[in-house]
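*Asks:*
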Amino acid sequence: MTRKFFKFFLTTVFLCGAVFVLPAQKTSVPSLFKYKLENGLELFVMENDSAPLVYIEIAVKAGAVTQTPENAGLFHLYEHMMFKGNAKYANQKEAYAALNKMGVSEWNGTTSIDRVNYFFTVPSGLLKDGLEYWSYAIRTPLLDEKELENEKSVVLSEIEGGMSEPGRIFGAGVFKNLFFECPWKTDTSGDPKIIKNATAESLKKIQEEYYVPANTALFVGGDVKHEAVYSLVKEIYGDWQNGKNAQTGKKIETSSKTPFSATKKLVFADPQNSKGISRLVFYLRGPDAQSDENDTYAADVWSYLLSNPSGNFISKAIQNKELNIPDADYIGGSYSTMRASGIISFSAAFMNDEKISPQKRAQLILDYWNTQAVDDMLKSGTGYDEKDIKSVKGRLEDSRTYSMETASLFLRGFSSEWASSGADYALSYDENILKVENKDVRSFVEKYIKDKKGLAVLFVNPEYYRENKKEFEKDGWQELNAENARWWK
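Letter 239 of the sequence shown, counting from 1, is numbered 239 in UniProt numbering, and no numbers are missing.
Structural data, given as structure tokens:
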């Protein structure tokens, strides 16, 4: 995971012997400006006049991470209701007509673990119209009961459609096991029973708690001037109140960093898997942005080091013929920074043969990851030294440059970082990455990987699994399927 932001500084101006602090904070990211309204609403503006367009996104620090067992799934349902009418547009038809009038060709809303966001691009001359559109949508949704019943059916159909989808079964099973103490905080779809019983009042409660200015940010980029954007945002959003029920600034409950006393092994009969190849993934809990900020920088550098084809992690695995991993494209590892659900993962795909069963070969790979690979991470000359870290920093800089090709590309990534880690973290990220040393990477490995028990999932061909089910059970592999993957079943 990469981030491309630097520290910001406060701009001041002296006039008539007095000091005035301008509301804009010019960041070290070229053409990116930061503002904060009195009600807590954050505004980020990126100037880029390459085309007469402006990207507008409004994002909320909410989603699965802010769910409870009683409201899991309602944030996704609420996202759907945002387009069903508000104080200005009486219904969905009028809301869509307004989008068409502005010339919006592509718009969307998404609900993820750490963020709910809505976005579109409009001609720069319609900046005010675009800002007003999202203001009405987020502040005054009608939450009409009839529309709600219709949308509940849509969301329930989405959940039902995913019940037999291999990728969703797998994902649900991973989150249920890795975050067993509060799996609903990683499940954006939620519990169908909660969706069925949802009312306008239950959605209104979410709105009052999380859809408030102090928990929200606007991201505006394109052919605009930051001062003009700020003036409009202050005019349109300045009277937005947080309310007495606002849930902002609270630490999110999270699951244990050591959820297993012994590695848990699951086998997943994946219809997309051929008989000739099997896949293995291994998960560990990683640092969380809200509580382990300093560890996330070393974790990101480690993740990049792991992907080096000439490093020991990949090269030794390929050279080990027992593992039967074809080449560097078939093995890897990563770390994902999240607000309260950081994950470390290792993955490999290997060829099946008559010599060793898939489950026994998977155990060999697990043994390699947990012993030799970890030992190499703590040694010199194995791909984790200062010279290797220096090359990673160069690659991160290249990624930063690429991300700034368009304002929309940059801001979409930035809003994700804002939701998971906060603006200050994102804006000082590059500065802190430059401080990472070999000892920091080793400390990360010692703290989160060495001798830690995790979750292993082996993907095999369904026919092969049926024929060898007893052997899998004998070797300690438990079946993961549609019936046991969901936390709410």
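Idealized CB from N, CA, C, for every residue including glycine.
Just the C-alpha distance for D385 and Y425, rounded to the nearest angstrom, thanks.
*Replies:* Each residue's alpha carbon lies about 25 Å from the other.
*Asks:* Checking 8 Å against the spacing of the C-beta atoms, do I195 and V233 come in under that value?
*Replies:* No, they are not a contact pair.
*Asks:* Which residues bound the alpha helix (DSSP H) around W418?
*Replies:* A407 to S421 is the span of the alpha helix (DSSP H), which, as asked, contains W418.
*Asks:* Given this structure, state the Cα-to-Cα distance separating L378 from V445, to the nearest angstrom.
*Replies:* L378 and V445: Cα-Cα distance of roughly 8 Å.
*Asks:* Consult DSSP for M404 and reduce its assignment to one of helix, strand or coil.
*Replies:* Here M404 sits in coil by DSSP.
*Asks:* For a quick check, are the C-beta atoms of residue 508 and K387 less than 8 Å apart?
*Replies:* It is not possible to answer for residue 508, since the shown part of the chain is limited to 1 through 489.
*Asks:* Where V21 and S231 are concerned, what is the direct C-alpha to C-alpha distance, given to the nearest angstrom?
*Replies:* For V21, the predicted structure reports a pLDDT of 36, less than 50, and the residue's modelled location is therefore unreliable. A value from the coordinates is still provided. When rounded, the distance between both Cα atoms is 16 Å.
*Asks:* For the alpha helix (DSSP H) that R466 lies in, which residues bound it at each end?
*Replies:* P462 to E467 is the span of the alpha helix (DSSP H), which, as asked, contains R466.
*Asks:* Please report the straight-line C-alpha distance between A317 and V436, rounded to a whole angstrom.
*Replies:* Distance between the alpha carbons of A317 and V436 is about 27 Å.
*Asks:* Distance, Cα to Cα, N468 vs K244?
*Replies:* Roughly 59 Å between the two C-alpha positions.
*Asks:* Just to confirm the assignment: which complete alpha helix (DSSP H) runs, minimum length 4, are found wholly within the segment 303–375?
*Replies:* Complete alpha helix (DSSP H) runs here, min 4: 312–319 and 358–368.
*Asks:* Give the range of the alpha helix (DSSP H) segment to which W134 is assigned.
*Replies:* L127 to R139 is the span of the alpha helix (DSSP H), which, as asked, contains W134.
*Asks:* When the Cβ atoms of the segment 248–268 are set against those of the segment 447–457, are three or more pairs found closer than 8 Å?
*Replies:* Cβ pair count under 8 Å is three or more, so yes.
*Asks:* Grouping DSSP H, G and I as helix and E and B as strand, with all else coil, what is Y89?
*Replies:* Three-state DSSP puts Y89 in coil, outside helix and strand.
*Asks:* Pairing CB atoms from the segment 390–404 with CB atoms from the segment 338–355, are three or more of them under 8 Å?
*Replies:* Contact fails: fewer than three Cβ-Cβ distances are below 8 Å.
*Asks:* Starting from W107, follow its DSSP beta bridges and name the residues at the other end.
*Replies:* Partner(s): F120.
*Asks:* Less than 8 Å separating the beta-carbons of A172 and R486?
*Replies:* Going by C-beta atoms, A172 is nearer than 8 Å to R486.
*Asks:* How many angstroms separate the CA atom of L77 from the CA atom of Y304?
*Replies:* Cα to Cα, the separation comes out at about 36 Å.
*Asks:* Taking C-beta to C-beta, are S336 and I343 nearer than 8 Å?
*Replies:* Contact: yes.
*Asks:* Helix, strand or coil for L378, going by three-state DSSP, please let me know.
*Replies:* In the structure shown, L378 sits in coil (DSSP, three-state: anything other than H, G, I, E or B).
*Asks:* Excluding sequence positions up to five away, which residues of its chain have a Cβ less than 6 Å from the Cβ of E129?
*Replies:* Here residue 129 is Asp; the residue named in the question, Glu, does not match the sequence. Excluding residues within five positions, the ones whose Cβ falls inside 6 Å are M102.
*Asks:* Going by C-alpha to C-alpha distance, which of D191, L148, C182 and N177 sits closest to G162?
*Replies:* Checking every option, the nearest Cα to that of G162 belongs to D191.
*Asks:* Alpha carbons only, please: which of Y429, L178, L53 and A289 is nearest the one belonging to F260?
*Replies:* It is L178 whose Cα lies nearest to the Cα of F260.
*Asks:* Taking only the alpha-carbon atoms, compute the straight-line gap between Q291 and M338 and give it to the nearest angstrom.
*Replies:* For clarity, residue 291 is Ser in the given sequence; the question names Gln instead. One C-alpha to the other measures close to 11 Å.
*Asks:* Go ahead and label Q67 buried or exposed: buried means 16 or more other beta carbons lie within 10 angstroms of its beta carbon, across all protein chains shown.
*Replies:* Flag for Q67 reads buried.
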